[in-house]
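Participant: Just so we're aligned: the sequence shown equals residues 0 to 455 in numbering that gives the first Met the number 0.
Glycine included, every Cβ here is placed at the ideal spot set by N, Cα and C.
Okay, handing you the structure first.
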Amino acid sequence: MLLRKTVALQTVRRGAVVPLVAICLVAVLAFTALAIDGGLLLCDRRNIQEAADAAALAAAIDLYNNSATYNGLDGSGSAATSAKKTAADNGYTDGTNNVTVKVNIPPLSGPYTGKASYAEVIITMQQQRYFSTLIGTGNIPVKARAVAIGAAPGTEGNGILVLKASGSNTMQASNNGNINVTGGNIVVNSSDKDAINISHSGNIQADDIKAHGPAESPNPGGYSSSTGRVIVNNSPYKVQAGASVVGDPLSTLAAPSTTGLANYGSVSLNVSGTNPVPQGTFTYGKSTSTTAFTLYPGNYSGDFTINDGNASHVYTLSSGVYYFSGNVTFSNFAGTCTDAGLGVCLFITNGKGLTLSSGGTLSLSTISSGTYANYPVIFLDHGDSANVTLSGAGSITATGVLYFPSTNMLTLSNTGNINLTGNLITYAMNLSNTGNLNVTYPGPAPHSAGTLYLVE
C-alpha cells in the first residue's frame, strides 16, 4: 500500500507590515512631539506670562511711588529698570539666551497706548525644539505681554503743569481767553496767592485745579477774578490751595544730539499771494507738487522762517528729530505743516523761540520709538527762556507732550489755539483775546483712591 504525503503550500508574504509600521511610527512620533514639546510650550507660556505680569506691576509700583514727581511718566528711567530686574529675577534677562524684555512707558499698543501712568512689558523667548524637529526646524518663539497702571491718589491726571515756583500771574486767562482740560487736572506750582489770574471773561476749567499758593478769601486756591470763571468739575471739590509742588517729570531728559543729523543751516521760504511753492529751491525740500513742500529731520543751525499766506499749501515734516538753533517762525502763515501722523520731535535751543500766526496750523504727533518716544512733540531746551507765541488764529494740534520748561511765557492771543491730546508742561502761560487751550488728558481718571493693578 502506497502512502501519499501531502505537503501544504504556504502563501508567500511580501513584508508590507514594515513600511506600514514606519508610517504609523511617524504619526506616533508626531503625536509624541506635540505632547512633549507642546506641553513644554504651554509651561513656558505660563511662566513667561507670570514674569511679564510681575514686571509690569513692578514698573507700575515705581510709577505710583513717583507720581508726584514725574506725573505718570518714567522721568528717571527707574520704572523700566525695575521691570527688567523683576523679569530677570524670574529667569528672563534681557539680551541673554535669546530673551528680549521690552518696557514701554506709556504703552505703544493696545487700548492704553500713549497714556501716562501705564506700563507695558513684552517678553519674548526662543523655545528649543526636541521631538518636534521631526516636523520643523528652528526655535519656537514664545511671547507674553502685560500692562499695569500705577497712579497714586490725587497725583494722576495732570494735563497742565505750570512750573514757575513764585510770582503772580503764572497762569493768566483774560479777555475771553479759555483754558480747558478734559479728563485731567491743572497744577500751578507758584507760591504766590495770585498765581492764577482770571479777568474780563477769562475761563479756566478742569477736573481739579491745584495751586501751591495759599487761599485768599473769598477765592480759594489763590486766584483773582473779575467777571471771569473757574470751573472745577469734581464737585464739591474747589480749587485746592496749598497743594504739593509737582516736579518737572522730564527734567532729566537730555537734549538731542546733532551727531548723525544732516546739516541744513538757515531756512527762509517766502511765498507771496497765490504763487506756488517754489520747487528745487532748497536741498532739503523735494516735491513734485506746486502746492506741497517736504522738510527733513536734521540740524537747522540758523533761523527757520516760512512766510506763506496761501491756505492750500501743505508742508510735510518727515518723521524724526529736528534740531533748531535759531528762531522758528511761521509768519503770515495760512497753510498746514504736518508730520502726517508719523511723529516728530521739534527741539529748539540757543535761547530761541517759536512763533505761529495768521491762521496756519501745525499738526504734530509724538515719535513712537527711540529716546523721544511718547515724549515732547515740541521741546524748548532746559534753561532757555524764549517765548512761544500763537496769534491771529494760528494753531497747534498735537498728540504727545508740549514741553516748555523755562519759557518766559506761552502766549495765546487773538484766537491763537492749541488742541492737545497729552500733557502741557510750561514755565508760565497767558491766554487773552479769545486765545484757546484745550487739553485732553489721556491717562486715568483723576480723584481716584489710587490705582495699582494689571489692566491687560
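Among the candidates ASP307, THR420, GLY90 and SER108, whose CA atom is the shortest distance from the CA of MET124?
Facilitator: Here residue 124 refers to the residue found at position 125 of the sequence shown. Measuring from the Cα of MET124, the nearest candidate turns out to be GLY90.
Participant: Do SER189 and THR169 have their C-beta atoms within less than 8 Å of each other?
Facilitator: Translated into the one-based positions of the sequence shown, residue 189 becomes position 190. Translated into the one-based positions of the sequence shown, residue 169 becomes position 170. The answer is yes: Cβ separation under 8 Å.
Participant: Note the first and the last residue of the continuous beta strand (DSSP E) segment covering LYS142.
Facilitator: As a working mapping, residue 142 is identified with position 143 in the sequence shown. Unbroken beta strand (DSSP E) run through LYS142: 139-150.
Participant: Round the Cβ separation of TYR322 and THR257 to the nearest angstrom and send it over; I've been treating them as touching at under 8 Å.
Facilitator: For the purposes of this step, residue 322 is taken as residue 323 along the sequence shown, with counting starting at 1. For the purposes of this step, residue 257 is taken as residue 258 along the sequence shown, with counting starting at 1. Indeed they touch by this definition, with Cβ atoms about 6 Å apart.
Participant: Given that a residue counts as buried once 16 or more other Cβ atoms are within 10 Å of its Cβ, and exposed if not, what is LYS142?
Facilitator: If you number the sequence shown from 1, residue 142 lands on position 143. By the 10 Å Cβ count, LYS142 comes out exposed.
Participant: In chain order, what residues of the same chain lie with their CB nearer than 6 Å to the CB of ILE139, ignoring the 5 residues before and after it?
Facilitator: Here residue 139 refers to the residue found at position 140 when the sequence shown is read from its first residue. Taken in chain order, the residues that qualify are GLN126.
Participant: Tell me which residue opens and which closes the beta strand (DSSP E) that HIS79 is part of.
Facilitator: What you label residue 79 is simply residue 80 of the sequence shown in a count that begins at 1. A small correction: the amino acid at residue 79 is Ala; His does not occupy that position in the sequence shown. No beta strand (DSSP E) holds ALA79; the alpha helix (DSSP H) holding it covers 77-88.
Participant: If you draw a straight line from the alpha carbon of SER384 to that of ALA427, how long is it in whole angstroms?
Facilitator: By 1-based counting over the sequence shown, the position of residue 384 is 385. By 1-based counting over the sequence shown, the position of residue 427 is 428. For SER384 and ALA427, the distance between alpha carbons rounds to 10 Å.
Participant: Using a Cβ-Cβ cutoff of less than 6 Å, which residues in the same chain neighbour PRO248 once the five nearest sequence positions on both sides are dropped?
Facilitator: As a working note, residue 248 is residue 249 in the sequence shown. Around PRO248: TYR69, ASN70, LEU72 and GLY74.
Participant: Given that a residue counts as buried once 16 or more other Cβ atoms are within 10 Å of its Cβ, and exposed if not, what is ARG144?
Facilitator: Position 145 of the sequence shown, counting from 1, holds the residue named residue 144. With 16 or more Cβ atoms within 10 Å of its Cβ, ARG144 is classed as buried.
Participant: Pull up the DSSP beta-bridge partners for MET428, would you.
Facilitator: Working through the sequence shown from its first residue, we reach residue 428 at position 429. DSSP output for MET428 lists MET170 and LEU409 as bridge partner(s).
Participant: So, do the region 77-94 and the region 255-270 have three or more beta carbon pairs nearer to each other than 8 Å?
Facilitator: Not touching, per the Cβ criterion.
Participant: How is LYS285 classed by DSSP in three states: helix, strand or coil?
Facilitator: Counted from its first residue, the sequence shown places residue 285 at position 286. Here the model assigns LYS285 a pLDDT of 45, short of 50, so the residue's position is not dependable, and the following value carries that caveat. Coil at LYS285, not helix or strand.
Participant: Sort VAL244, SER390 and VAL320 by Cα distance to SER262 and report the nearest one.
Facilitator: In the sequence shown, the residue the question calls residue 262 occupies position 263. Reading the sequence as shown, one finds Asn at residue 262 and not Ser. Answer by Cα proximity: VAL320.
Participant: Start and end of the beta strand (DSSP E) containing LEU268?
Facilitator: Against the sequence shown, residue 268 aligns to sequence position 269. Residues 266-270.
Participant: Give every residue of the same chain whose Cβ lies closer than 6 Å to the Cβ of MET408, excluding the five residues on either side of it in the sequence, and list them in chain order.
Facilitator: The residue labelled residue 408 in the question sits at position 409 within the sequence shown. Contacts found: ASN386, ALA427 and ASN429.
Participant: With distances taken from CA atoms, which of PRO106, ALA87, PRO441 and ASP307 is nearest THR99?
Facilitator: As a position in the sequence shown, residue 99 is number 100, starting the count at 1. That would be ALA87, whose Cα lies nearest to the Cα of THR99.
Participant: Could you pull the DSSP bridge partners for LYS209 from this structure?
Facilitator: Looking up residue 209 in the sequence shown gives position 210. LYS209 pairs with VAL186 and GLN239.
Participant: Pull the bridge partners of ASN97 from the DSSP assignment, please.
Facilitator: Here residue 97 corresponds to residue number 98 of the sequence shown, with the count starting at 1. Answer by DSSP bridge pairing: none, since ASN97 is not bridged.
Participant: Cutting at 6 Å between CB atoms, please list the residues of its own chain near VAL400, excluding the five before and the five after it.
Facilitator: Mapped onto the sequence shown, residue 400 falls at position 401. Answer for VAL400: TYR374, PRO375, GLY421 and ASN422, listed in chain order.
Participant: For THR68, does the three-state DSSP call read helix, strand or coil?
Facilitator: Within the sequence shown, numbered from 1, the residue matching residue 68 stands at position 69. Reduced to three states, the DSSP call for THR68 is helix.
Participant: Rounded to whole angstroms, what is the Cα-Cα separation between SER324 and LEU379?
Facilitator: Within the sequence shown, numbered from 1, the residue matching residue 324 stands at position 325. Within the sequence shown, numbered from 1, the residue matching residue 379 stands at position 380. The straight-line gap from Cα to Cα measures roughly 11 Å.
Participant: Less than 8 Å between the beta carbons of GLN239 and ALA210, yes or no?
Facilitator: Here the question's residue 239 lines up with position 240 in the sequence shown. Here the question's residue 210 lines up with position 211 in the sequence shown. Going by C-beta atoms, GLN239 is nearer than 8 Å to ALA210.
Participant: Looking at the structure shown, is GLN204 part of a helix, part of a strand, or coil, going by DSSP?
Facilitator: Numbered from its first residue, the sequence shown carries residue 204 at position 205. The answer is strand: DSSP assigns GLN204 an E or B state.
Participant: Take ILE377 and list the residues in its own chain whose beta-carbon comes closer than 6 Å to its own, dropping the five residues that flank it on each side.
Facilitator: Locating residue 377 in the sequence shown gives position 378, where the first residue counts as 1. If we look at ILE377 and ignore the five residues flanking it on each side, its Cβ neighbours are LEU345 and LEU401.
Participant: DSSP three-state call for ASN46: helix, strand or coil?
Facilitator: Residue numbering aside, residue 46 sits at position 47 when the sequence shown is read from its first letter. Helix at ASN46.
Participant: Could you check how far apart the C-beta atoms of ALA118 and ALA82 are, in whole angstroms? I think they sit under 8 Å.
Facilitator: Within the sequence shown, numbered from 1, the residue matching residue 118 stands at position 119. Within the sequence shown, numbered from 1, the residue matching residue 82 stands at position 83. Contact flag correct, Cβ pair sits at about 7 Å.
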